[in-house]
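Heads up, the sequence shown is in the numbering used here, so the first residue is 237 and it goes up one at a time.
Every residue, glycine too, gets a C-beta built ideally from N, C-alpha and C.
Predicted, not measured: the structure shown is a model, and the values here were computed from it.
To start, the structure itself, in structure tokens.
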Amino acid sequence: MNKPIVVGMGEALWDVLPDGKKIGGAPANFAFHAGQAGMDSRVVSAVGKDALGEEALATLEGKGLNIEAVARVDFPTGVVNVSLGEQGIPQYDICEGVAWDNIPFTPALANLASQAQAVCWGSLAQRNEVSRKTIFSFLDAMPSDEERLKVFDINLRQQFYTLEIIEASCRRANVLKINDEELVLVSEMLRLGAGSPEVLCRSLMERYGLRILVLTCGANGSYVFTPVETSYRVTPKVQVADTVGAGDSFTATLVGELLRNTPVGVAHEHAVEVAAYVCTQQGAMAEWPDSLRM
């Protein structure tokens with residue numbers, strides 16, 4: 237039986253840390269973990285025709301990712317410079333005018349869209365019109381049947397989002413993932429009014445006709461809402477190495493389980509377990525132990 241094709245679409249980049257660089261970008265992290273979850277995962281992004289681009293492709297491929305849909309473009313490969321500020325709190329400089337800002341839409345991407353069972357994208361890669369148009373063209377080229385999962389993992393970053401971007405993506409999504417801090421911001425931007433987190437989440441679901449809304453609250457647990465049920469799971473207490481990629485692993489696990497028609501509560505439980513494990517590992521692309529694989 238063919239594995240479902242699952243796409244992570246948007247930024248693939250290097251996080252340049254004080255102790256060296258690591259491959260990253262939420263869509264690339266998502267695609268890696270979708271592969272761990274047993275999906276036929278693909279990255280849709282762009283890198284430059286430079287040494288960093290060559291290294292990015294080799295690194296992604298070395299992690300088992302299908303890179304056929306990663307374009308080579310005449311812009312530098314994306315870099316995020318990470319510095320440690322006071323008390324070791326990381327600060328990010330997300331370089332602009334880079335390759336993943338300029339992902340081209342091609343006939344090959346249109347063909348991939350027609351085959352994809354699920355796609356996950358965020359707000360950051362939409363900061364430039366070229367990639368934003370490509371993302372929307374891909375989404376619009378996907379079949380409209382309800383079996384396909386179109387997951388907007390909002391991932392608000394710095395100043396790189398607008399009301400227009402959020403609304404246009406929510407209209408095209410049938411699954412929204414948002415954290416508790418983002419929920420406050422988005423509720424204010426959309427003028428949803430006052431209410432508990434659940435009330436605000438259900439307002440978002442109703443406004444955009446969402447099948448599922450995922451609300452993550454860090455150490456305070458997570459919720460998965462459907463029109464007819466609410467699943468809540470506590471966040472396990474683990475020895476945290478770093479949290480990078482944990483949210484992406486959660487999303488990928490949930491998508492993989494939903495594509496298998498796993499009940500929402502069971503799918504949610506597995507997503508929480510995987511994310512907790514990833515938190516105990518260094519780096520965003522931690523290999524799963526056999527006990528967590530699907």
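Query                                                                                                           : Result
ASN347 to SER380 span [Cα, whole Å]                                                                             : 15 angstroms
Assigned secondary structure, ASP337 (DSSP; H/G/I helix, E/B strand, else coil)                                 : helix
Proximal residues to GLY457 (C-beta, below 8 angstroms), its chain only, five neighbours per side dropped       : TYR468, ARG469, VAL470 and THR471
Of the listed residues LYS386, ALA282, GLN353 and GLN272, nearest to ASN410 (C-alpha basis)                     : LYS386
Candidates VAL306, ASP276 and SER319, of which the one nearest GLU290 by Cα                                     : VAL306
Which residues DSSP lists as bridging LYS285, in chain order                                                    : Its beta-bridge partners do not exist; DSSP assigns none.
Whole runs of the alpha helix (DSSP H) within the region 394-461, excluding any shorter than 4 residues         : 399-408, 416-425 and 433-444
LEU392 versus LEU360: straight-line alpha-carbon distance, rounded                                              : 7 angstroms
Validate contact between the region 270-283 and the region 241-250 using beta carbons, cut 8 angstroms, 3 pairs : yes
Coarse secondary structure for ALA512, derived from DSSP in three states                                        : helix
Per-residue burial, LEU451 [other beta carbons within 10 Å of its own, 16 or more giving buried]                : buried
Rounded Cβ spacing between VAL355 and PHE374 (contact assumed at less than 8 angstroms)                         : 7 angstroms
Contacting residues, own chain, Cβ-Cβ under 6 angstroms from GLY261 (five flanking each side not counted)       : GLU247, ALA248 and LEU249
Assigned secondary structure, LYS369 (DSSP; H/G/I helix, E/B strand, else coil)                                 : helix
Closest by C-alpha distance to PRO263, when choosing among VAL502, SER277 and CYS453                            : SER277
Same chain, Cβ closer than 6 angstroms to ARG363, five either side skipped, listed in chain order               : PHE396
First through last residue of the beta strand (DSSP E) which encompasses SER264                                 : Sequence check: residue 264 is Ala here, not Ser. First-last for ALA264: 262-272, but that is the alpha helix (DSSP H), not the beta strand (DSSP E).
Bridge partner(s) assigned by DSSP for PHE388                                                                   : TRP357 and LEU412
Member of LEU495, ILE414, ASP484 and LEU426 whose CA lies at the smallest distance from the CA of PHE461        : ILE414
Own chain, CB closer than 6 angstroms to GLU523, minus 5 neighbours either side, in chain order                 : none
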